[in-house]
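A.B. asks: Questions regarding the structure given below will be posed in turn.
Residue numbers (full-length UniProt numbering): 1 to 291.
Here it is in structure tokens:
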């Protein structure tokens, strides 16, 4: 049996003028809960889902309950999950009416021959799986990102949650969930529900991205990072090179990554990125900014 590790993020939209004390406390609580699960032998895949559900349900991040509406005032949610051991993946895009898109993504992976369901098809599937619906959207959603939506006009504000997990059996998994960029066009889909762009896990590394998804799609950011590790790069170098490429395109954001040895990387080029991790020595660290 090996030692488990985990890293999660609550989005790379952090702004220095905003206080993140609630998020810092919550992220630590999530990592502590998942540390116990991993030490008890839970699989990386199960822990990935459970972690993201806790982040979605908190209403503190721009995912799940913390979602912001699109230009039509509707809440369209995206999520994906990937199992590094099998290469299987599941995703939902532009899902309306359900609390936990990551649970829907897991169901797509486990119960259909597909990787992604979108829009009305995703909602019909979630209903058929008896997933928990949102009854009163205006009461349920907290619009957690309203203090982070001050990007310059014409640019893309953003917010996401995600996790990378290494379990005691050496298996890797990653999951990501978002409500997308603030004020997005109806039907807009970013990198979060796209395996290779926003989420990736294979035998070498697990990756979850957060930022302006259009750039992460164009860079195949999550897969690019893991493939770099498979080709012999260190996790730190591969992750940093991906964010440098995003920045070179004019994009803003970050990623979290974890390799099969429990090494962690968390580069970003935005003001801050809410993140927390459990290392293989059992230490828990929580950060928003690098200072």
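Beta carbons are placed, not taken as given, at the ideal position from N, Cα and C, and that holds for glycine.
#1: Please determine if the region 74-93 and the region 199-208 are in contact, where contact requires at least 3 C-beta pairs separated by less than 8 Å.
#2: With a 10 Å radius around its C-beta and 16 neighbouring C-beta atoms as the bar for buried, classify residue 70 as buried or exposed.
#3: Going by the CB atoms, is the gap between residue 84 and residue 171 shorter than 9 Å?
#4: State buried or exposed for residue 100, treating a residue as buried only when at least 16 other CB atoms are found within 10 Å of its CB.
#5: Check residue 294 in the structure and name its three-state DSSP category.
#6: If we count Cβ pairs, one from each stretch, closer than 8 Å, do we get three or more for the region 108-116 versus the region 223-238?
#7: Do the CB positions of residue 222 and residue 267 come within less than 9 Å of each other?
#8: If you drop the 5 nearest sequence neighbours on each side, which residues of the same chain put their C-beta closer than 7 Å to that of residue 39?
#9: If we ignore side chains and look at the alpha-carbon of each, how far apart do residue 191 and residue 232 end up?
#10: Please report the distance separating the alpha-carbon of residue 235 from that of residue 159.
#11: Thinking C-beta only, is residue 23 closer than 9 Å to residue 288?
#12: Between which two residues does the alpha helix (DSSP H) holding residue 239 run?
#13: Could you pull out every residue in the same chain whose Cβ sits closer than 8 Å to the Cβ of residue 43, ignoring the five residues on either side in sequence?
#14: Can you name the residues that DSSP bridges to residue 268?
#15: Helix, strand or coil for residue 109, going by three-state DSSP, please let me know.
#16: Could you round the C-beta distance between residue 175 and residue 259 to whole angstroms and report it? I think they count as a contact, below 8 Å.
#17: Distance check for residue 177 and residue 126, CA to CA, integer angstroms please.
#18: I'd like the ranges of any beta strand (DSSP E) spanning at least 3 consecutive residues and lying wholly in the region 4-51.
#19: What separation, rounded to the nearest whole angstrom, lies between the Cα atoms of residue 122 and residue 208?
#20: In the DSSP assignment, the beta strand (DSSP E) including residue 210 goes from what residue to what residue?
#21: If you count every other CB in all the chains shown that lies within 10 Å of the CB of residue 252, and 16 or more means buried, which is it?
#22: Mark residue 49 as exposed unless 16 or more other C-beta atoms lie within 10 angstroms of its C-beta, in which case mark it buried.
#23: With H, G and I counted as helix, E and B as strand and the rest as coil, what does DSSP make of residue 179?
#24: Within 10 angstroms of its Cβ, does residue 78 collect 16 or more other Cβ (buried), or is it exposed?
#25: Could you give the first and the last residue of the continuous alpha helix (DSSP H) run that contains residue 221?
#26: Taking the DSSP output, what are the residues bridged to residue 316?
#27: Compare the C-alpha of residue 186 against each of 280, 93, 61 and 27 and name the closest.
#28: Under the three-state reduction of DSSP, which class applies to residue 62: helix, strand or coil?
C.D. replies: Considering the structure as presented:
#1: yes
#2: buried
#3: yes
#4: buried
#5: Past the edges of the chain, shown from 1 to 291, lies residue 294, and the structure says nothing about it.
#6: no
#7: no
#8: 4
#9: 25 Å
#10: 24 Å
#11: yes
#12: 235-249
#13: 167, 169, 171 and 173
#14: 254
#15: helix
#16: Residue 175 to residue 259, Cβ: 17 Å. No contact.
#17: 16 Å
#18: 5-14
#19: 22 Å
#20: 205-211
#21: buried
#22: buried
#23: coil
#24: buried
#25: 221-230
#26: The question about residue 316 has no answer, for the chain in this structure spans 1 to 291.
#27: 93
#28: coil
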